[in-house]
Amino acid sequence: MIKLSYKLTESEIYTSLVAIFKSRFITNLMRNVGFVILAVMLFLTTSGLRNGTLNFTAGFAFPIFLAIYLIFLPEITSKFQTPNLVKKKNPFSEEVNVKIYETGYRVQGQTFNNQQSWNNLNAIIETKDFFLLKETDIIATVIPKRVLSAEDSSQLVAIINQVEGPKKLLLAKA
Numbered sequence: 015m016i017k018l019s020y021k022l023t024e025s026e027i028y029t030s031l032v033a034i035f036k037s038r039f040i041t042n043l044m045r046n047v048g049f050v051i052l053a054v055m056l057f058l059t060t061s062g063l064r065n066g067t068l069n070f071t072a073g074f075a076f077p078i079f080l081a082i083y084l085i086f087l088p089e090i091t092s093k094f095q096t097p098n099l100v101k102k103k104n105p106f107s108e109e110v111n112v113k114i115y116e117t118g119y120r121v122q123g124q125t126f127n128n129q130q131s132w133n134n135l136n137a138i139i140e141t142k143d144f145f146l147l148k149e150t151d152i153i154a155t156v157i158p159k160r161v162l163s164a165e166d167s168s169q170l171v172a173i174i175n176q177v178e179g180p181k182k183l184l185l186a187k188a
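Residue numbers are given in the working numbering: position 18 of the sequence shown equals residue 32, and the series is strictly consecutive.
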């Protein structure tokens, strides 16, 4: 069993929200649409500049701004959400106690108490800074790597590797 206790900092809340958003299919689809729109608009802008026919209007600028918004949607959304989550004493900003077992885990805070089986998770994702235990596409338990000892980290990865069911995206260890 692994016992952890931590409180996410504001920057960790922001980074974890971005990671959760980026792990969603719809977010990745919107980012790809944004890249396509931006590529088309850059092509039209370059062609217009070369031909001397560039007519920069609000109708021309809107797709460029839309493309940039779609590409950076997770970062923009998280930037606005993070201060509100911290101010409103959201469970994301509470002191969290986690107990990790072979069969699942328990997460406890001041306003919540959740026990989950590994097989009931939607996905388990490892990022550079976190382990995201995703219950649904948008709800995740965030475990910062800074609170894990080397032994705890290797034990957690071993437990996750034995799990059947949820999609697992673990970073390759070099």
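Beta carbons are placed, not taken as given, at the ideal position from N, Cα and C, and that holds for glycine. Keep in mind the model is a prediction, meaning the values are calculated, not measured.
Give me, in chain order, the residues of the same chain whose beta-carbon lies closer than 6 Å to that of residue i; leave out the 5 immediate sequence neighbours on both sides.
{"i": "Phe35", "result": "Thr41, Pro88"}
{"i": "Ile82", "result": "none"}
{"i": "Lys48", "result": "Sequence inspection shows Gly at residue 48; the Lys mentioned does not correspond to that position. Taken in chain order, the residues that qualify are Ala81, Leu84, Ile85."}
Of all the options the options, which has the alpha carbon lying nearest to the alpha carbon of residue i?
{"i": "Met7", "options": "Asn65, Ile138, Asp166, Pro180", "result": "Given that the chain is displayed from residue 15 to residue 188, the structure contains no residue 7 and the question cannot be resolved."}
{"i": "Gln176", "options": "Ile51, Pro97, Trp132, Ile153", "result": "Trp132"}
{"i": "Thr125", "options": "Phe49, Lys102, Tyr115", "result": "Lys102"}
{"i": "Arg120", "options": "Ser25, Glu149, Asn69, Gly62", "result": "Glu149"}
{"i": "Ile138", "options": "Ala172, Gln122, Gly62, Gly48", "result": "Ala172"}
{"i": "Thr23", "options": "Lys181, Thr96, Leu162", "result": "Thr96"}
{"i": "Ile51", "options": "Leu183, Phe79, Thr67", "result": "Phe79"}
{"i": "Ser25", "options": "Ser92, Lys182, Ile174", "result": "Ser92"}
{"i": "Lys182", "options": "Leu135, Ser107, Thr60", "result": "Leu135"}
Quick one: grab the DSSP three-state call for residue i.
{"i": "Lys102", "result": "coil"}
{"i": "Ser19", "result": "strand"}
Exposed or buried, what is residue i when buried is set at 16 or more other beta-carbons lying within 10 Å of its beta-carbon?
{"i": "Tyr75", "result": "Position check: residue 75 holds Ala in this sequence, whereas Tyr was assumed. Burial call: exposed."}
{"i": "Glu109", "result": "exposed"}
{"i": "Ala33", "result": "buried"}
{"i": "Ser30", "result": "buried"}
{"i": "Thr71", "result": "exposed"}
{"i": "Thr117", "result": "exposed"}
{"i": "Val156", "result": "buried"}
{"i": "Tyr1", "result": "The first residue shown for the chain is 15 and the last is 188, placing residue 1 beyond what the model contains."}
{"i": "Glu178", "result": "exposed"}
{"i": "Ile27", "result": "buried"}
{"i": "Val112", "result": "buried"}
Near residue i, what residues of its chain come up, given a Cβ to Cβ distance below 7 Å and the 5 sequence neighbours on each side ignored?
{"i": "Gln169", "result": "Ile16"}
Exercise. Starting from the N-terminal side, write out each stretch of the alpha helix (DSSP H) that is 4 residues or longer and does not extend beyond the region 55-129.
Key: 72-85, 87-101
Practice problem: Enumerate, from N- to C-terminal direction, the unbroken alpha helix (DSSP H) stretches of 4 or more residues contained entirely within the region 125-174. | Solution: none
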